[in-house]
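A.B. asks: Sharing a structure below in structure tokens format, with a few things to ask.
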Amino acid sequence: MAQTLAEIREALKVANRAEYEALARALAADERKGVKAALKSAARRLAAEDAEAARLNGMYSFQAKLAGGGIAVGLDEVGRGPVAGPLAIGAVVLPDDPRVEGVNDSKQLSAERREEIAAVVREVAIAWDIEYIQPQEIDEHGMTWALRTANLRAIAAIEEQLSAKGTSLDAVLLDGNAQHLDAREVNIVKGDGKCASIAAASIIAKVDRDALMCRYAEQFPHYGFESNKGYASAEHIEAIKQYGLSPVHRASFCRAWTQETLF
1 MAQTLAEIRE ALKVANRAEY EALARALAAD ERKGVKAALK SAARRLAAED
51 AEAARLNGMY SFQAKLAGGG IAVGLDEVGR GPVAGPLAIG AVVLPDDPRV
101 EGVNDSKQLS AERREEIAAV VREVAIAWDI EYIQPQEIDE HGMTWALRTA
151 NLRAIAAIEE QLSAKGTSLD AVLLDGNAQH LDAREVNIVK GDGKCASIAA
201 ASIIAKVDRD ALMCRYAEQF PHYGFESNKG YASAEHIEAI KQYGLSPVHR
251 ASFCRAWTQE TLF
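First residue of the sequence shown: 1, per my numbering; consecutive thereafter.
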């Protein structure tokens with residue numbers, strides 16, 4: 001008995017490459033429009049899956065090449081530009097297997113997808129860490145100091161975790177330009193889109209910092225931290241002008257709007 005269109009659609013929705021090709025051969029003479037549409041849809045899905053597999057393989061291969069076959073930590077910052085909230089640095093050491101499906105530059109992912117991937121990263125990572133530099137420290141020392149200090153703290157935390165597991169760090173993969181933090185430092189411009197561990201670091205730091213800003217929104221509801229995450233949106237600037245600064249604002253970033261601190 002011939003398969004119904006519904007049965008064919010269901011089979012094609014979950015078919016792998018080999019199964020699709022077998023179905024395509026079997027259905028080559030089927031002239032039903034629904035069958036042809038289902039085959040085209042399955043072909044597009046498989047092409048997208050192949051492209052994603054190639055992208056992910058490229059991120060892991062690139063990382064392995066930079067690490068020279070050794071253990072590498074990827075580091076990335078989140079929160080460099082906001083006028084409120086801390087700077088966050090994520091640091092992750094990933095195994096080659098299991099791989100983290102979907103890992104990518106955090107800016108390319110939805111908030112929901114970032115949270116899903118962050119949970120997987122924390123589960124499978126050989127080591128991971130998030131370091132914060134608070135607004136008052138940024139005001140006092142500046143962003144260059146903040147970035148350097150947070151990265152050095154993160155590297156030290158990762159080395160401590162690896163040492164406890166009887167291994168050591170071979171490469172420090174840093175997103176962006178050279179900071180001269182470590183003799184093992186390798187710099188990758190836009191590394192969060194090229195290197196798996198840097199991408200993973202950007203994701204866990206983003207998820208953690210966003211959650212923190214949502215908690216701050218409950219303490220300081222005037223500023224819309226739950227949506228702007230501390231960035232200078234028009235609504236956020238107006239709230240600063242009206243209410244002054246909260247304890248989690250970077251005063252040195254807000255001089256154009258107010259000098260007052262009302263909390």
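For glycine and all other residues, C-beta sits at the position ideal for the given N, C-alpha and C.
Go to Asn228, then tell me how far its alpha helix (DSSP H) extends in each direction, as first and last residue.
C.D. replies: Phe225 to Asn228
A.B. asks: Output the boundary residues of the alpha helix (DSSP H) element that contains Val14.
C.D. replies: Leu5 to Val14
A.B. asks: For a quick check, are the C-beta atoms of Leu162 and Ala125 less than 9 Å apart?
C.D. replies: no
A.B. asks: Using only the alpha-carbon positions, how far apart do Gln179 and Leu23 sit?
C.D. replies: 54 Å
A.B. asks: With C-beta atoms as the reference, is Ser106 less than 9 Å away from Ala199?
C.D. replies: Cβ distance < 9 Å, so Ser106 and Ala199 count as in contact.
A.B. asks: Given a threshold of 16 other Cβ atoms within 10 Å of its Cβ, counted over all protein chains shown, does Gln63 qualify as buried or as exposed?
C.D. replies: Gln63 is classed as buried because its beta carbon has at least 16 other beta carbons within 10 Å across all chains shown.
A.B. asks: Quick check on Trp257: does DSSP put it in helix, strand or coil?
C.D. replies: The answer is coil: DSSP assigns Trp257 none of H, G, I, E or B.
A.B. asks: What is the residue span of the beta strand (DSSP E) that Ile89 lies within?
C.D. replies: Leu87 to Val93
A.B. asks: Are the beta-carbon atoms of Val73 and Ile89 separated by less than 9 Å?
C.D. replies: Not closer than 9 Å, so no.
A.B. asks: Does the separation of the CB atoms of Ala154 and Asp129 fall below 9 Å?
C.D. replies: yes
A.B. asks: What's the C-alpha gap between Ala118 and Val103?
C.D. replies: A direct Cα-to-Cα measurement between Ala118 and Val103 gives close to 9 Å.
A.B. asks: What does a CB cutoff of less than 6 Å around Gly81 pick up in its chain, not counting 5 residues either side in sequence?
C.D. replies: none
A.B. asks: So the candidates are Gly58, Glu10 and Met59; which of them puts its Cα closest to the Cα of Leu39?
C.D. replies: Glu10
A.B. asks: Buried or exposed for His249, going by 16 or more other Cβ atoms inside 10 Å?
C.D. replies: buried
A.B. asks: So the candidates are Asn228, Asp170 and Val35; which of them puts its Cα closest to the Cα of Gly68?
C.D. replies: Asp170
A.B. asks: My guess is that Thr149 and Ile133 are in contact by the Cβ rule of under 8 Å, so how many angstroms apart are they, rounded?
C.D. replies: 6 Å
A.B. asks: Alpha carbon to alpha carbon, how far is Glu31 from Lys13?
C.D. replies: 19 Å
A.B. asks: Please say whether His222 and Gly264 have beta carbons closer to each other than 9 Å?
C.D. replies: One cannot answer for residue 264 here, as it falls past the ends of the chain, which runs 1 to 263.
A.B. asks: Within 10 angstroms of the Cβ of Asp97, are there 16 or more other Cβ atoms? Answer buried if so, exposed if not.
C.D. replies: exposed
A.B. asks: DSSP state of Val78, grouped into three classes?
C.D. replies: strand
A.B. asks: Round the Cβ separation of Arg122 and Ile204 to the nearest angstrom and send it over; I've been treating them as touching at under 8 Å.
C.D. replies: 7 Å
A.B. asks: Going along the chain, which residues of its own chain have a beta-carbon closer than 8 Å to the beta-carbon of Val172, five neighbours each way excluded?
C.D. replies: Here the set comprises Ala72, Val73, Leu75, Ile155, Leu181, Asp182, Arg184, Glu185 and Val186.
A.B. asks: List the endpoints of the continuous beta strand (DSSP E) containing Tyr132.
C.D. replies: Ala127 to Ile133
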